[in-house]
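The next block holds one structure in the form of structure tokens; read it before the comments.
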Amino acid sequence: MKKILITGGAGFIGSHVVRRFVNQYPDYHIYNLDALTYAGNLENLRDVEDAANYTFVKGDITDAVFLDELFANTDFYGVVHLAAESHVDRSISDPLAFVVTNVIGTVNLLNAARKAWKDDLANRGATNRLFYHVSTDEVYGELHDPNEFFLETTSYDPRSPYSASKASSDHFVRAYHNTYKMPVVISNCSNNYGPNHFPEKLIPLMIHNIMQKKPLPVYGKGENVRDWLYVEDHARAIDTIFHRGKVGETYNIGGHNEWKNLDLVLLLCKIMDDKLGREPGTAESLITYVTDRAGHDLRYAIDATRLKTELGWEPSLQFEEGLEKTVDWYLENQAWLDNVTSGNYKKYYEEMYG
Ligand SMILES: NC(=O)c1ccc[n+]([C@@H]2O[C@H](COP(=O)([O-])OP(=O)(O)OC[C@H]3O[C@@H](n4cnc5c(N)ncnc54)[C@H](O)[C@@H]3O)[C@@H](O)[C@H]2O)c1
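Heads up: the sequence shown begins at 1 in full-length UniProt numbering, then just goes up one per residue.
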């Protein structure tokens, strides 16, 4: 049974990746390593927690001693590394926390793998191990020309403390490939949306506030453009790259689905007025323009041609369909939303594990 370590598996994207790997690969044993920060929530994984091929490990990637012991005690075939501080606004108020988790945490993980896999790394191109690092399109900076897209070859130009920390972690992963022969693969994905998204991010925040009839804060004039991808499509891309990606390579993942923030919020307002049986325009009247985020990148847009032509991956959902599924999930899971917004998100863990 191949043992796979997935970090950050209690978070938004990580929980979808863990579920997919546990369900698709009964011959793998999936270890979900997560520190359960404010963003980690084991309720996201209730449906797989009793699976025979799943183990939750509470631990912090900033703790190098703990990681070394974990790798010494368990012979991991591969790592899928998602654990991170992930919210740009939080990185603006506390950049160092992002350096510690995203940079030092990643290097700790690389070091633990390097020590545990040293005999395999002695052979360049070791095919019996894989370190998969999950990154973001934000490392490429921002776009102004509407005809331009981020390619795998686009130079890095991170502009927020979050994207700078992710860019730095990407550089370390590549450096370990070059210097120590670590078999790595990296993917850089656009904005995700879907179930289990913590309601500090745009889409779940708007859904939450529309439900509660609270103001809908839109940065600046709402003109920033993001490329949105349904989270299960991202999990499927990670599965594809983990199994068929070329070691040492980078793959961009995107939805080819660009939306201005304001247009996206207006679409959500329409969907939600309809679903909640409210008068058209009710949600829109809650829109409030707020001071723009410092250094707010104008546009991100991914060219995911490589992933399509080389590995055959494409997004499966149209945005409107994915958004409806997402809204339905939040409407059906108000207890989840109440729990994470009331600060009780660790309650489930404490009940389960003391
Ligand atoms: N959300 C997006 O749109 C998006 C897009 C592209 C790439 N990414 C990347 O995907 C990854 C996951 O993003 P997400 O949105 O699911 O994040 P998230 O904030 O929802 O989840 C992060 C998870 O990591 C865990 N974690 C944080 N610090 C930790 C530590 N020190 N040790 C162990 N676990 C720790 C948290 O408890 C949480 O479960 C990140 O690396 C992020 O940069 C996210």
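Cβ atoms here follow ideal geometry from the backbone N, Cα and C, with glycine treated the same way. In this text the structure is predicted, and so the values were computed from the model without any measurement.
>> Can you find the residues in the same chain that come closer than 7 Å, C-beta to C-beta, to Gly105, ignoring five residues on each side of it along the sequence?
In response: Ile61, Thr62 and Ala83
>> So for Gly78, helix, strand or coil by DSSP?
In response: strand
> Rounded to a whole number of angstroms, what is the C-alpha to C-alpha distance between Gly222 and Asp338?
Replying inline: 27 Å
>> Can you tell me whether Asp227 is buried or exposed? The criterion is at least 16 other CB atoms within 10 Å of its CB, across all chains shown.
In response: buried
>> Taking only three categories from DSSP, how would you classify residue 419?
In response: A query on residue 419 cannot be resolved here, the shown segment of the chain reaching from 1 to 354 and no further.
>> Using the three-state DSSP reduction, which class does Leu317 fall into: helix, strand or coil?
In response: coil
> Counting pairs of beta carbons, one from the region 38 to 58 and one from the region 266 to 276, are three or more of them closer than 8 Å?
Replying inline: no
> How many whole angstroms separate the CB atoms of Pro204 and Tyr330, which I take to be in contact at a CB cut-off of 8 Å?
Replying inline: 7 Å
> Tell me the DSSP bridge mates of Trp228?
Replying inline: Asn191
>> With H, G and I counted as helix, E and B as strand and the rest as coil, what does DSSP make of Gly354?
In response: Only weak support is given to the placement of Gly354: the predicted model assigns it a pLDDT of 45, under 50, and the question is left unresolved by the model.
> How would you write the range of the beta strand (DSSP E) that Ile61 sits in, first residue to last?
Replying inline: Ile61 -> no beta strand (DSSP E), and no H or E assigned at all.
>> Using 8 Å for Cβ pairs, my map puts Ser91 next to Val134. What's the rounded Cβ distance?
In response: Ser91 to Val134, Cβ: 17 Å. No contact.
> According to the Cβ coordinates, are Thr55 and Tyr31 closer than 7 Å?
Replying inline: yes
> Per DSSP, Thr179 is paired with what?
Replying inline: Note: Thr179 sits in no beta bridge, so no partner.
> When the Cα atoms are used, what is the spatial distance from Val88 to Arg20?
Replying inline: 27 Å
> Under three-state DSSP, which class holds Arg299?
Replying inline: strand
> Hey, quick one: how far does the beta strand (DSSP E) through Pro261 stretch, first residue to last?
Replying inline: Residue 261 is actually Asn in this sequence, not Pro. That residue, Asn261, is in no beta strand (DSSP E); its alpha helix (DSSP H) goes Asn261 to Lys275.
> Under three-state DSSP, which class holds Thr288?
Replying inline: strand
> Looking at C-alpha atoms only, which residue of Ser169, Asp170, Leu317 and Trp117 is the closest neighbour of His234?
Replying inline: Leu317
>> Measuring CB atoms only, is the region 299 to 312 touching the region 143 to 159, in the sense that at least three cross pairs come out at less than 8 Å?
In response: yes
>> Any heavy atom of ligand 1 inside 6 Å of the beta-carbon of Leu82?
In response: yes
> So which of Lys3, Met1 and Gly14 has the shortest CA-CA distance to Gly194?
Replying inline: Gly14
> Under three-state DSSP, which class holds Ser91?
Replying inline: helix
> Can you list, in chain order, the residues of its chain whose CB lies under 6 Å from that of Tyr176, leaving out five sequence neighbours each side?
Replying inline: Leu110 and Met182
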